[in-house]
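Colleague: First the structure, then my questions, so here it is.
Numbering (the working numbering), first residue to last: 3 to 155.
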């Protein structure tokens, strides 16, 4: 069974993924496309080196049921709905949307392993300042993944 993990976010870097998948889909004919959006707390990536995993989990737990958490969930669902519809309009089938919380690189690699995907597709860049300060998510995925990674421009 061929599975492709398609990772999207709320940046311009994810938009070309739709057209690339439309060209790739007929050639690869995957049985399933896992459409992944990783929801992270704003500013959390800046705090990654300053707080422990336990503290991050406590913060996430404290935000449950708050307006802020509800806003993040709505944003994630809106992004997921947009990309799922755009892919389906290009004739792509077998899409399974997945929303995760956490650090994007770690969650992408984790779901790739859990699902046994054959390929990961990511956009080439997210927020420019984030890339300059913390390194590129796509670059780190390409370096650490155990399967081929297609970085879309």
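Glycine residues also receive a C-beta, built at the ideal position from the N, C-alpha and C atoms.
1. One question on the structure: do residue 110 and residue 122 come within less than 8 Å of each other, judged by their Cβ atoms?
2. Relative to the C-alpha of residue 20, which candidate in 86, 72 and 75 has its C-alpha closest?
3. Check whether the Cβ atoms of residue 117 and residue 7 sit closer than 8 Å, and answer yes or no.
4. Quick check on this structure: which residue in 26, 150, 18 and 81 has the alpha carbon closest to the alpha carbon of residue 100?
5. What are the residues that DSSP puts in a beta bridge with residue 5?
6. What are the start and end residues of the beta strand (DSSP E) that includes residue 111?
7. Report the partner residues of residue 98 according to the DSSP bridge assignment.
8. Below 8 Å on the Cβ atoms is my contact criterion, and I expect residue 33 with residue 5 to pass it. Report the Cβ-Cβ distance as a whole number of Å.
9. Please state if the CB of residue 103 and the CB of residue 42 are separated by a distance shorter than 8 Å.
10. From 26, 27 and 143, pick the residue whose C-alpha is nearest to that of residue 105; which is it?
11. Can you look up residue 152 in the DSSP assignment and give me helix, strand or coil?
Modeller: Quick look at the numbers:
1. To locate residue 110, count along the chain shown from 1; it is residue 108. To locate residue 122, count along the chain shown from 1; it is residue 120. Cβ distance < 8 Å, so residue 110 and residue 122 count as in contact.
2. On the chain shown, residue 20 is found 18 positions in, with the first residue counted as 1. Comparing Cα-Cα distances from residue 20 to each of 86, 72 and 75, the minimum goes to 86.
3. Against the chain shown, residue 117 aligns to sequence position 115. Against the chain shown, residue 7 aligns to sequence position 5. Contact flag set, yes.
4. For the purposes of this step, residue 100 is identified with residue 98 of the chain shown, where counting begins at 1. The shortest C-alpha separation from residue 100 is found at 81.
5. Residue numbering aside, residue 5 sits at position 3 when the chain shown is read from its first letter. 34, per the DSSP bridge assignment.
6. By one-based count along the chain shown, residue 111 stands at place 109. For residue 111, there is no enclosing beta strand (DSSP E); the residue is found in the alpha helix (DSSP H) stretching over 106-117.
7. Here residue 98 is taken as the residue at index 96 of the chain shown, counted from 1. DSSP lists 36 as partners of residue 98.
8. For the purposes of this step, residue 33 is taken as the residue at position 31 of the chain shown. For the purposes of this step, residue 5 is taken as the residue at position 3 of the chain shown. Taking C-beta atoms under 8 Å as the contact rule, residue 33 and residue 5 qualify, at a distance of about 7 Å.
9. In the chain shown, the residue the question calls residue 42 occupies position 40. In the chain shown, the residue the question calls residue 103 occupies position 101. A contact, by the Cβ cut-off of 8 Å.
10. The residue labelled residue 105 in the question sits at position 103 within the chain shown. Closest option to residue 105, Cα to Cα, is 143.
11. Mapped onto the chain shown, residue 152 falls at position 150. Correct three-state label for residue 152: strand.
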